[in-house]
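Q: Below you will find the structure I want to go over with you.
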Amino acid sequence: MNMTNIPFGTTDWENVEKVEHKGESGSAFWRTKQCGSIRVRMVEYTAGYKADHWCQKGHILLCLEGELYTELKNGEVHVLQAGMSYEVADETMAHRSYTPSGAKLFIVD
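Everything in the sequence shown is counted per full-length UniProt numbering, starting at 1 for the first residue and increasing by one.
Structure below.
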């Protein structure tokens, strides 16, 4: 990640448009800000959300609320609770997320 050409700014996430992305089950609601080549998102998963694909993109993900399960293609499952994060590089470990109870995340990729 090369963070260049990003002027100082603040974001009131409540004023960023919320876009629904349906999963295999449930929905993810993204509020997205593009900062040069860096995408920054506030994401809310509904209870019962499960991703509809295996993701290969790198992320830095912080769980703000709820509980998030991240399944790796090798079968490992990692659980994040509020205040926990995960970090993964592009093209290193296919992953997908789900949440029985819902979650709110801050994601940089």
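In this text, a Cβ means the ideal position worked out from N, Cα and C, and glycines have one as well.
(1) Roughly how many angstroms separate the alpha carbons of V108 and G75, rounded to a whole number?
(2) Grab me the residues of R31's own chain with a C-beta within less than 6 Å of its C-beta, minus the 5 sequence neighbours each way, in chain order.
(3) For W54, which three-state DSSP category applies?
(4) Given 8 Å as the limit, is there contact between the stretch 47 to 66 and the stretch 19 to 29, that is, 3 or more CB pairs closer than that?
(5) Confirm the yes/no value for this check: CB of W30, any heavy atom of the ligand ADP, distance under 7 Å.
(6) Any chance you could list the beta strand (DSSP E) runs of at least 3 consecutive residues sitting entirely within the stretch 26 to 77, in chain order?
(7) For the beta strand (DSSP E) containing T99, list its first residue and its last residue.
A: Let me lay it out:
(1) Taking the sequence shown and counting its residues from 1, the one referred to as residue 108 is at position 108. Taking the sequence shown and counting its residues from 1, the one referred to as residue 75 is at position 75. Within the model, the alpha-carbon separation for V108 versus G75 is close to 24 Å.
(2) The count along the sequence shown starts at 1 and reaches residue 31 at position 31. Once the five neighbours on either side are set aside, the close Cβ partners of R31 are W13, V16, K18, M42.
(3) Taking the sequence shown and counting its residues from 1, one reaches residue 54 at position 54. Coil.
(4) In the pairwise beta carbon analysis, the stretch 47 to 66 is classified as touching the stretch 19 to 29: at least three pairs are separated by under 8 Å.
(5) Absence of the ligand ADP is noted for the structure shown, with no ligands found whatsoever.
(6) Along the stretch 26 to 77, the beta strand (DSSP E) occurs as fully enclosed runs of 3 or more residues at 27 to 35, 38 to 45, 59 to 72, listed in sequence order.
(7) Position 99 of the sequence shown, counted from the first residue, corresponds to residue 99. Residues 95 to 99.
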